[in-house]
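Comments concern the structure below.
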Amino acid sequence: MKFDYEVLIIGGGPAGLSAALALGRMSRTALICDDSRPRNAASSHLNNFPTRDGIHPAEWRKLVRKDLEKYNTINYVEASVLSVEKSGSGFEAKLSTGKTFNFKKVILAYGVEDKYLPIPGYKELWGKSIFHCPYCHGFEVRDSKLGLIGNGDTLFYMLPLIHDLASDLIIFTNGKAEFKEEQRDLLNKKKIRFIEEKITGFIHEGEKLKSVTFENGENLERDGLYALPTFPFKLKSKIGEELGCEKDQFGFYKVSERGKTTIDGVYACGDNASGAHSVLLAAASGGMAGAGIVHELLSEKFLE
């Protein structure tokens, strides 16, 4: 069977680009397909990345693509992958450009979609005054009036991080609180207020949050908010599921240490394969997946 490339990389974010670097370094051929829907598009900076702390996400991606230019075995196309099907000893992929290509292996690097609460102002403030990660955005809002939107056990995993950042913290359960007795006791001990009223809106000036409004008419001043994720996560594509890749209870692909899914020849990396979401960790995951595929490809070649 004739292959156009050895590897299809679906997604041109940190995971996909890092996987491409590993493949390029070992002279493997790969096509990166990216539909320009980065998860951090709303953010003006990415942080916690050595030598690039505070850089704009689009500029970071531009720099990595520049790095890839010296590897003539790596190609990049701005397109969606419409379908991937098993074909002989490899895979056939149809792109939104109308073209069809054949590959030996596939890397799923398309990440997840954040779910926005259906509340006026939430989407507009996402990544600007409403955040999901204190490592990504916490330093910029330290020692300010913060809110944590969430409920149940998951909230108490995030709570110590946000509590330490805030000068004043209020929990918004956006409905009846689902806390155990010992959790309520802890909140009382730490003097952390929680509000069960439904949130009706966010008052803001441009990208700056001013206050949160509730069904009972109450209006509380806040400088920033953190919102817990809702499970399972929604992935940006169903291609992995269509190929038969298994997922865990959180909605992530089940993968080995090097990113191999439950389907032979298919790897996953980045936000779709782990609950630890950051540019740095996604890039590391992509590098591992790229190395895993390199080893698989060259082992197969060696045994021919």
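Numbering (full-length UniProt numbering), first residue to last: 1 to 304.
Glycine residues also receive a C-beta, built at the ideal position from the N, C-alpha and C atoms.
Treat the numbers as computed from the prediction; the structure is a model and nothing was measured.
Should residue 281 go down as buried or exposed, given a rule of 16 or more other Cβ atoms within 10 Å for buried?
Burial call: buried.
Between residue 84 and residue 243, is the Cβ-Cβ spacing less than 8 Å?
For residue 84 and residue 243, yes; Cβs fall inside 8 Å.
Pull the bridge partners of residue 202 from the DSSP assignment, please.
Looking at the DSSP assignment, residue 202 forms a beta bridge with 212.
Just verifying my parser: in three-state terms, what is the DSSP assignment at residue 18?
Helix.
Looking at residue 18 and residue 290, is the spacing between their C-beta atoms short of 8 Å?
Yes; because the gap between Cβ atoms is below 8 Å, this pair is in contact.
Inter-residue CB distance, residue 20 and residue 10 (contact presumed, cutoff 8 Å):
A Cβ-Cβ separation of about 12 Å leaves residue 20 out of contact with residue 10 under the 8 Å criterion.
Relative to the C-alpha of residue 41, which residue among 61, 51 and 22 is closest?
The shortest C-alpha separation from residue 41 is found at 61.
Alpha-carbon spacing of residue 302 relative to residue 15, whole angstroms:
If I take the Cα positions, the gap works out to 27 Å.
So, at 8 Å on beta carbons, what are the nonlocal neighbours of residue 48 in its own chain, with the 5 sequence-adjacent residues on each side left out?
Excluding positions up to five away in sequence, the list reads 135, 136, 278, 279 and 280.
Buried or exposed for residue 39, going by 16 or more other Cβ atoms inside 10 Å?
Burial state of residue 39 is buried, judged by a 10 Å Cβ sphere holding 16 or more other Cβ atoms.
For residue 28, does the count of other Cβ atoms within 10 angstroms reach 16, so buried, or fall short, so exposed?
The residue in question, residue 28, is buried, as its Cβ has 16 or more Cβ neighbours within 10 Å.
Under the rule that 16 or more other beta-carbon atoms within 10 Å means buried, what is residue 268, buried or exposed?
So residue 268 counts as buried.
State the Cα-Cα distance for the pair residue 98 and residue 66, rounded to the nearest angstrom.
Computed Cα separation, rounded: 26 Å.
Judging by CA-CA distance, which residue of 25, 92, 50 and 184 is the nearest neighbour of residue 4?
When each option's Cα is compared against that of residue 4, the closest is 92.
Within 10 angstroms of the Cβ of residue 100, are there 16 or more other Cβ atoms? Answer buried if so, exposed if not.
Per the 10 Å Cβ criterion, exposed.
Might you give, ordered along the chain, the residues of its own chain that have their beta carbon closer than 8 Å to the beta carbon of residue 214, omitting 5 neighbours on each side?
Excluding the 5 residues flanking it on each side, residue 214 has same chain C-beta neighbours closer than 8 Å at 195, 197, 198, 199, 200 and 220, in chain order.
Counted within 10 angstroms of its Cβ, other Cβ atoms place residue 288 as buried (16 or more) or exposed
The residue is buried, with at least 16 neighbouring Cβ atoms inside 10 Å.
Sub-8 Å separation of residue 90 and residue 104 beta-carbons:
Result yes, Cβ atoms of residue 90 and residue 104 sit closer than 8 Å.
Output needed for residue 174: all residues of its chain with C-beta closer than 7 Å, excluding positions within five of it in sequence on either side, in chain order.
Short of 7 Å from the beta carbon of residue 174, and not among the five residues preceding or following it, lie these beta carbons of its own chain, in chain order: 149, 198 and 199.
DSSP three-state call for residue 147: helix, strand or coil?
DSSP places residue 147 within a strand segment (E or B) once states are collapsed to three.
Do residue 138 and residue 178 have their C-beta atoms within less than 8 Å of each other?
Their beta carbons are not under 8 Å apart, which means residue 138 does not touch residue 178 by this criterion.
Leaving out five residues on either side along the sequence, give the residues of the same chain with a beta carbon under 6 Å from the beta carbon of residue 226.
Counting only Cβ-Cβ distances below 6 Å, and skipping sequence neighbours, we find 131, 148 and 162.
What is the C-beta distance between residue 57 and residue 68, in whole angstroms, given that I count them as a contact (C-beta under 8 Å)?
The C-beta distance from residue 57 to residue 68 rounds to 17 Å, too long to fall under 8 Å, and the pair is not in contact.
For the region 25 to 104, list the alpha helix (DSSP H) runs that are entirely contained and at least 4 residues long, ordered along the chain.
57 to 68, all fully within the region 25 to 104.
In DSSP terms, what residue 10 is bridged to
Paired residue(s): 33 and 108.
What residue does the beta strand (DSSP E) around residue 193 start on, and which one ends it?
Annotation: the continuous beta strand (DSSP E) that includes residue 193 extends over 193 to 195.
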